[in-house]
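Visitor: Those letters in the sequence shown? Residues 81 to 267, by my numbering. Backbone N, C-alpha and C define an ideal beta-carbon position, used for all residues, glycine too. In this text, all values refer to a predicted model and were calculated from it rather than measured experimentally.
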Amino acid sequence: EDGKIKTKRKFDYETEEKRTIELVVALSDRDKTGYPKLTTQEKLTITLQDLPEVPEITSTEFSVDENSKEGVLVGVIKSTDPDVDGKLIYEMTEPSPYVTVSKDGEIKVAKDADIDFEKMQQFTITVTVKDEDGLQSLPQDIFIKVNDLNEPPTIKPQTFVFYEDDPPGTKTGPIEASDPDTKNEKF
81 EDGKIKTKRK FDYETEEKRT IELVVALSDR DKTGYPKLTT QEKLTITLQD
131 LPEVPEITST EFSVDENSKE GVLVGVIKST DPDVDGKLIY EMTEPSPYVT
181 VSKDGEIKVA KDADIDFEKM QQFTITVTVK DEDGLQSLPQ DIFIKVNDLN
231 EPPTIKPQTF VFYEDDPPGT KTGPIEASDP DTKNEKF
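(1) Specify whether the segment 143–155 and the segment 235–246 touch according to this definition: at least 3 beta carbon pairs, one from each stretch, less than 8 Å apart.
(2) Which whole-angstrom value describes the C-beta separation of Q202 and I187, a residue pair presumed to lie in contact below a C-beta threshold of 8 Å?
(3) Taking K117 as the reference, give the member of A106, I126, T127 with the closest Cα.
(4) CB-CB under 8 Å to D261, same chain, minus the five flanking residues each way: which ones, in chain order?
(5) Taking the alpha-carbon positions, what's the E96 to D82 distance?
(6) For M200 and F91, what's the separation of their Cα atoms in angstroms?
(7) Taking the alpha carbon of I126 as the point to measure from, which residue in Q220, Y115, T113, T87 has its own alpha carbon closest?
(8) Taking only three categories from DSSP, how would you classify M200?
(9) Going by the beta-carbon positions, is the gap between V209 and I222 smaller than 8 Å?
(10) Which residue wins for smallest C-alpha separation from T234, given the options Q220, A257, G214?
(11) Quickly, what does DSSP pair D145 with across the bridge? List them, please.
(12) What are the start and end residues of the beta strand (DSSP E) that includes Q121?
(13) Looking at C-alpha atoms only, which residue of D196, Y170, A190, T100 is the closest neighbour of D259?
(14) Beta-carbon separation of V144 and V189 under 8 Å?
(15) Should R99 and L128 be called a contact, given that it needs their Cβ atoms to be closer than 8 Å?
(16) Check this for me: beta carbons of S217 and P132, under 8 Å apart or not?
(17) Let me check understanding here. Comparing Cα to Cα, which of M172, G253, K191, L103 lies closest to Y150?
(18) Just to confirm my understanding: we take L215, look at its own chain, exclude 5 residues before and 5 after, and list those with CB closer than 6 Å. What are they?
What follows is the structure, given as structure tokens:
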């Protein structure tokens, strides 16, 4: 019709069984002068070329116990890259006060992190992944749920006085204490 080859479907280099296609093309002239119509045929080879594809982060939800210490492993980010089985490099788009992300995708509790369920039940970090071709994913939000743990109450330093003439059963107090898991300050 217009001399151009047109695809009828989408191609994926990584999943195609045949990456070379042979096509027989017939071409006829349009002679309007009365001469016989002439036709020729030729075998053409079409080769499917691979293009680098951007890696994609596939694991986006993790959890961590509140009060976790520095270096505790929260999880490892997973990604797919149709082009390579090689190295992928992870990076946070901005630092987090709670976790770090290694180049291998390990999420670990950061130094001096104050991960407290009573202050927050979840936090988000944003990460990108880059492949060996230098192609980088779009920033991906990673959601980290904070697990609530039962924390022990603490007793505040206090002084109580009983007088020598106090009868048995005399009370003083109450003892002031705090429990991060409850609002009750009196025990």
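Guide: So, to answer that:
(1) Verdict: no, contact absent.
(2) Going by Cβ atoms, the distance from Q202 to I187 rounds to 14 Å, so no, they are not a contact pair.
(3) Put simply, of A106, I126, T127 the residue whose alpha carbon is nearest the alpha carbon of K117 is A106.
(4) Correct list, in chain order: E198, D228, N230, E231.
(5) E96 and D82: Cα-Cα distance of roughly 28 Å.
(6) Near 46 Å, if we compare the C-alpha coordinates of F91 and M200.
(7) Here the closest residue by C-alpha is T87.
(8) Assigned with DSSP and collapsed to three states, M200 falls in coil, not helix or strand.
(9) Not a contact, by the Cβ cut-off of 8 Å.
(10) Closest option to T234, judged by alpha-carbon separation, among Q220, A257, G214: A257.
(11) BP columns for D145 point to N227.
(12) Residues 119–127.
(13) For the residues D196, Y170, A190, T100, the minimum Cα distance to D259 belongs to D196.
(14) Yes, these two residues count as a Cβ contact at 8 Å.
(15) Contact flag set, yes.
(16) The Cβ atoms of S217 and P132 lie no closer than 8 Å to each other.
(17) One detail in the question is off: residue 150 reads as Glu in this sequence, not Tyr. Taking only the C-alpha atoms, the option nearest E150 is K191.
(18) Closer than 6 Å at Cβ, skipping near neighbours: P132, V134.
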